[in-house]
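Residue numbers (our numbering): 3 to 241.
Presented below is the structure to which this report refers.
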Amino acid sequence: MVPFDRWGSGHLAALGLTMLVPAVLAMWTRRAPGGRARRIAESLFVAMLVGETVWRLVWRWRAGDLPPVHELAPMHLCDWALWACVAACLGRRRLAFECAYFWGLAGTLQGLVTPDLAHDFPSTHYFLFFMGHGGIVGCVLYLTASGAFRPTWGSVRRAYVGLLIYGATAGLYDALTGTNYGYLRAKPGVASLLDHLGPWPWYIGSLLAVAAVNFVLLYLPWAVVDWCRRGSAGAADPA
3 MVPFDRWGSG HLAALGLTML VPAVLAMWTR RAPGGRARRI AESLFVAMLV GETVWRLVWR
63 WRAGDLPPVH ELAPMHLCDW ALWACVAACL GRRRLAFECA YFWGLAGTLQ GLVTPDLAHD
123 FPSTHYFLFF MGHGGIVGCV LYLTASGAFR PTWGSVRRAY VGLLIYGATA GLYDALTGTN
183 YGYLRAKPGV ASLLDHLGPW PWYIGSLLAV AAVNFVLLYL PWAVVDWCRR GSAGAADPA
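Okay, here's the thing in structure tokens:
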């Protein structure tokens with residue numbers, strides 16, 4: 003198998019498709035009358051995300067690489083973001099979208115940029131990784147670009163509280179089972195942002211601070227849009 007080449011052609015192709023597919027689907031949704039196009043697009047994302055999760059288990063089972071049951075729990079932040087995407091698509095849940103938006107763009111996007119992969123295209127692990135991680139980011143981008151949802155200032159607070167709940171849950175699970183979900187017990191085996199945030203356990207606090215800053219930055223474009231709209235509305239009002 004070909005070793006994974008970060009920023010190589012396989013990596014760049016996966017990143018490009020992650021941006022291109024939701025953009026095309028969002029344009030189609032906005033131009034198509036009624037809600038049929040939106041339902042089809044959202045169903046595609048749900049099918050891809052759920053299918054990736056199921057196929058990952060089947061693939062590992064067939065390869066004889068199925069870990070103990072306690073290591074199969076959906077306790078990575080990407081797992082929670084994935085199911086938040088599914089809930090946002092199927093249930094039209096705003097809170098689910100808010101969590102998916104901030105977790106996906108602040109966390110899962112980091113995984114896409116610095117993937118923890120051993121093998122490059124066309125390995126099965128390559129496809130599963132980018133289907134899952136790229137599917138989360140792509141779904142968030144689609145839901146936003148299609149006009150289905152948008153974050154608000156309150157979304158920042160709710161998504162951050164959700165992140166703290168995830169951290170507490172994953173930390174407790176790690177302590178009870180000896181796993182390393184959320185990389186709360188050790189850093190990943192490849193270069194990542196955590197390498198610049200200090201030793202364990204201090205990097206956890208640093209990571210929470212970075213997450214808070216990232217959440218605010220991810221909302222900032224929407225704050226600018228709202229500010230411009232308020233200014234335009236004020237200017238249009240007769241004195």
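The C-beta atom is built at its ideal place from N, Cα and C for all residues, glycine as well.
- For the segment 128-185, there is no continuous beta strand (DSSP E) assignment of 3+ residues that stays within its boundaries.
- Under the three-state reduction of DSSP, Pro223 is assigned to helix.
- Of the residues assessed, Ala75 falls on the exposed side of the cut-off, its CB having fewer than 16 other CB atoms within 10 angstroms.
- In this structure, the alpha-carbon of Trp204 lies about 46 Å from that of Trp30.
- The shortest CA-to-CA distance from Leu97 to any of Ser125, Val71, Leu165 is the one to Leu165.
- For Arg58, the uninterrupted alpha helix (DSSP H) run begins and ends at 38-64, by DSSP.
- Around Val52, the same chain offers Val88 as residues with beta carbons nearer than 8 Å, after the five sequence neighbours per side are excluded.
- Under the three-state reduction of DSSP output, Pro5 falls in the strand class.
- Of the residues Leu111, Ala150, His127, Trp155, the one whose Cα lies closest to the Cα of Gly136 is Leu111.
- Closest in alpha carbon position to Ser194, among Gly113, Val212, Ala16, is Gly113.
- For Ala83, the closest of Trp224, Lys189, Gly184 by C-alpha to C-alpha distance is Gly184.
- Annotation for Ser148: Ala28, Thr31 place their beta carbon closer than 6 Å to its own, counting only its chain and skipping 5 residues before and after.
- In the same chain as Cys141, and ignoring 5 residues on each side of it, the C-beta atoms closer than 6 Å to its own belong to Phe47, Cys87, in chain order.
- Here the C-alpha atom of Glu54 lies approximately 6 Å from the C-alpha atom of Gly134.
- DSSP, read as helix, strand or coil, puts His121 in strand.
- By the beta-carbon neighbour count (other beta carbons within 10 angstroms, threshold 16), Val56 is exposed.
- In the three-state reduction of the DSSP assignment, Ser194 falls in the coil class.
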